[in-house]
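Engineer: The structure's right below; bear with me while I get my questions together.
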Amino acid sequence: MSDAPPARDKRGTRTGFTTGACAAAAAKAATRVLVRGERLTHVETTLPNRQQVTFALHRCEWDGEKVRCGIIKDAGDDPDCTHGAELIAEVRLTDDGRVVLERGEGVGLVTKDGLGLEVGSPAINPVPRRNITEMVEEELPEGRGAIVTIHVPRGEEMAKETLNARLGIIGGISILGTSGIVRPYSTAAYKASVVQAIDVARARGNTELVFTTGGKSEKYAMGLLPHLSEECFIQVGDFIGVAIRHAARRQATRVDVVGMMGKLSKMADGRMQTHAAGSEVNMELLANLAAEAGASEKLVADIRTANTARHVLELCAANGLTHITGLVCQRVVEQLTRHAGGPLEIHATLVDFNGTLLGQYPERRHAA
Numbered sequence: 081m082s083d084a085p086p087a088r089d090k091r092g093t094r095t096g097f098t099t100g101a102c103a104a105a106a107a108k109a110a111t112r113v114l115v116r117g118e119r120l121t122h123v124e125t126t127l128p129n130r131q132q133v134t135f136a137l138h139r140c141e142w143d144g145e146k147v148r149c150g151i152i153k154d155a156g157d158d159p160d161c162t163h164g165a166e167l168i169a170e171v172r173l174t175d176d177g178r179v180v181l182e183r184g185e186g187v188g189l190v191t192k193d194g195l196g197l198e199v200g201s202p203a204i205n206p207v208p209r210r211n212i213t214e215m216v217e218e219e220l221p222e223g224r225g226a227i228v229t230i231h232v233p234r235g236e237e238m239a240k241e242t243l244n245a246r247l248g249i250i251g252g253i254s255i256l257g258t259s260g261i262v263r264p265y266s267t268a269a270y271k272a273s274v275v276q277a278i279d280v281a282r283a284r285g286n287t288e289l290v291f292t293t294g295g296k297s298e299k300y301a302m303g304l305l306p307h308l309s310e311e312c313f314i315q316v317g318d319f320i321g322v323a324i325r326h327a328a329r330r331q332a333t334r335v336d337v338v339g340m341m342g343k344l345s346k347m348a349d350g351r352m353q354t355h356a357a358g359s360e361v362n363m364e365l366l367a368n369l370a371a372e373a374g375a376s377e378k379l380v381a382d383i384r385t386a387n388t389a390r391h392v393l394e395l396c397a398a399n400g401l402t403h404i405t406g407l408v409c410q411r412v413v414e415q416l417t418r419h420a421g422g423p424l425e426i427h428a429t430l431v432d433f434n435g436t437l438l439g440q441y442p443e444r445r446h447a448a
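Quick note on numbering: the sequence shown equals residues 81 to 448 in this note's numbering.
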């Protein structure tokens, strides 16, 4: 039986497999064992992208009525909390010709609308559902069906490293994957989670959303906007453009963007993807805003050669120039409003690394 997957290389590019692909392969193997009556050590499967792959089985347990086959997930070099997890499919044959998917240990339960899954059903996304069903059907004799229960030992513990609870997925992880392949540091996966979080918030009737770039800014945003429920707060990471467009598409009425100087400076410059490697802070823009706020020629020159956006803040604070933060927020609102592609009221708030409110546009009062 297979050992643990190779250790991940933080700078590597080795691809891996999704939880959905592993679950489908395990289900196919278990069904084949039940139908043919012979144990397996490996199983070939077809990924959702139609690629043919062979997986080694970590376990193959047969008691005559049901079979449990398990596969250890190899996420490649992606920093995925399910890397090394075992995906187990337990299969029983039926006579009704249907393939029914059930939730076992460590697989989440859907408790909120907006995920594209029925409330009360296992958190197995649509593409993995189809893939699991197809792989099982390939092994079934005509007229036979199967009950497939997916288990992920320690899945409930792994789920604590995800946003599942906020999305209304409780008790375990989601079975995910659109292609079957995990690409290291995939932006597609994060974008999908942002879109999904917006969908859940809107399905729950929330029209006001709050977008932050990370956990710290979210914590501060929750303090500034305590009247909103937790599901209204969405960590969009570097994908503010994707989030704003989707919020407008889903007819949200208002979005508050809360962040720190570095990310908001990039948004003010029209950068809708704010990853450090993808866009640098435009010091010329900040220098021009400083001049607009009444900065001296020396301060403007110093800002042009500043090291970071945080350095700009320090320079402005040392020179008593506080109005620049409001101008950055105003420019953020202008850029995001232009990008939204639909009617959406946008507010921007700039906080520092301690959560102190430095600037906002439009200016307003927050509850303490």
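Here a beta-carbon is modelled for each residue, glycine too, at the ideal position from N, C-alpha and C.
Remember, predicted model here, so these are calculated numbers, not experimental data.
1) Taking the beta strand (DSSP E) that CYS312 falls in, what are its first and last residues?
2) Which residue's Cα is closest to the Cα of ALA109: LEU137, GLU214, HIS326 and THR98?
3) Short check: CB of ILE227 to CB of THR191, under 8 Å?
4) For ASP193, which of helix, strand or coil comes out of DSSP?
5) Determine, using beta-carbon pairs with one atom in the stretch 214-234 and one in the stretch 299-318, whether at least three such pairs fall under 8 Å.
6) Looking at the structure shown, is ASP154 part of a helix, part of a strand, or coil, going by DSSP?
7) Within 8 Å of any Cβ in chain C, is that where the Cβ of LEU369 sits?
8) If you count every other CB in all the chains shown that lies within 10 Å of the CB of ASP176, and 16 or more means buried, which is it?
9) Tell whether a beta-carbon distance below 8 Å holds between ALA332 and LEU289.
10) For ILE230 and GLY184, which I take to be in contact (beta-carbon distance under 8 Å), what is that distance rounded to the nearest angstrom?
11) Less than 7 Å separating the Cβ of PRO202 from some heavy atom of the ligand NAP?
12) For ILE253, list the residues DSSP reports as bridge partners.
13) Note down, in chain order, each residue of its chain lying with its Cβ closer than 7 Å to the Cβ of ALA104, except the 5 sequence neighbours on either side.
14) For the structure I just gave you, are there three or more beta carbon pairs, one from the stretch 255-269 and one from the stretch 280-288, closer than 8 Å?
15) For the beta strand (DSSP E) containing ALA136, list its first residue and its last residue.
16) As an exercise, report each continuous beta strand (DSSP E) stretch of at least 3 residues that is fully enclosed by the stretch 307-351, in chain order.
17) Have a look at GLY248 and THR354 and give me their C-alpha separation to the nearest angstrom.
Structural biologist: Reading it off the structure:
1) Your numbering for residue 312 matches position 232 in the sequence shown. Neither: CYS312 is in no beta strand (DSSP E) and is coded neither H nor E.
2) Position 29 of the sequence shown, counted from the start, is the residue given in the question as residue 109. Ranking LEU137, GLU214, HIS326 and THR98 by Cα distance to ALA109 puts LEU137 first.
3) If you number the sequence shown from 1, residue 227 lands on position 147. If you number the sequence shown from 1, residue 191 lands on position 111. Not in contact: ILE227 and THR191 (Cβ atoms no closer than 8 Å).
4) In the sequence shown, counting from the first residue as 1, residue 193 sits at position 113. It is coil, neither helix nor strand.
5) Under the 8 Å Cβ criterion, the stretch 214-234 does not count as touching the stretch 299-318, having fewer than three qualifying pairs.
6) Here residue 154 is taken as the residue at index 74 of the sequence shown, counted from 1. If DSSP states are grouped into helix, strand and coil, ASP154 belongs with coil.
7) In the structure shown, chain C cannot be found, because there is only a single protein chain.
8) On the sequence shown, position 96 is the one that residue 176 refers to. With a 10 Å radius around the Cβ and a threshold of 16 neighbouring Cβ atoms, ASP176 comes out exposed.
9) The count along the sequence shown starts at 1 and reaches residue 332 at position 252. The count along the sequence shown starts at 1 and reaches residue 289 at position 209. Taking 8 Å as the Cβ cut-off, ALA332 and LEU289 qualify as a contacting pair.
10) The count along the sequence shown starts at 1 and reaches residue 230 at position 150. The count along the sequence shown starts at 1 and reaches residue 184 at position 104. Confirmed, Cβ separation roughly 6 Å.
11) In terms of ligand content, the structure shown is empty, and the ligand NAP therefore cannot be addressed.
12) Within the sequence shown, numbered from 1, the residue matching residue 253 stands at position 173. Answer by DSSP bridge pairing, in chain order: VAL187.
13) Against the sequence shown, residue 104 aligns to sequence position 24. Cβ neighbours of ALA104 beyond the five flanking positions: THR125, PRO208, ASN211, ILE212 and MET215.
14) Taking one beta carbon from each stretch, the stretch 255-269 and the stretch 280-288 have fewer than 3 pairs nearer than 8 Å; the two do not touch.
15) As a position in the sequence shown, residue 136 is number 56, starting the count at 1. If you look at ALA136, you'll find it in the beta strand (DSSP E) that goes 132-136.
16) If we require 3 residues or more, the beta strand (DSSP E) runs fully inside the stretch 307-351 come out as 313-315 and 334-339.
17) Translated into positions along the sequence shown, residue 248 becomes position 168. Translated into positions along the sequence shown, residue 354 becomes position 274. A direct Cα-Cα distance of roughly 28 Å separates GLY248 from THR354.
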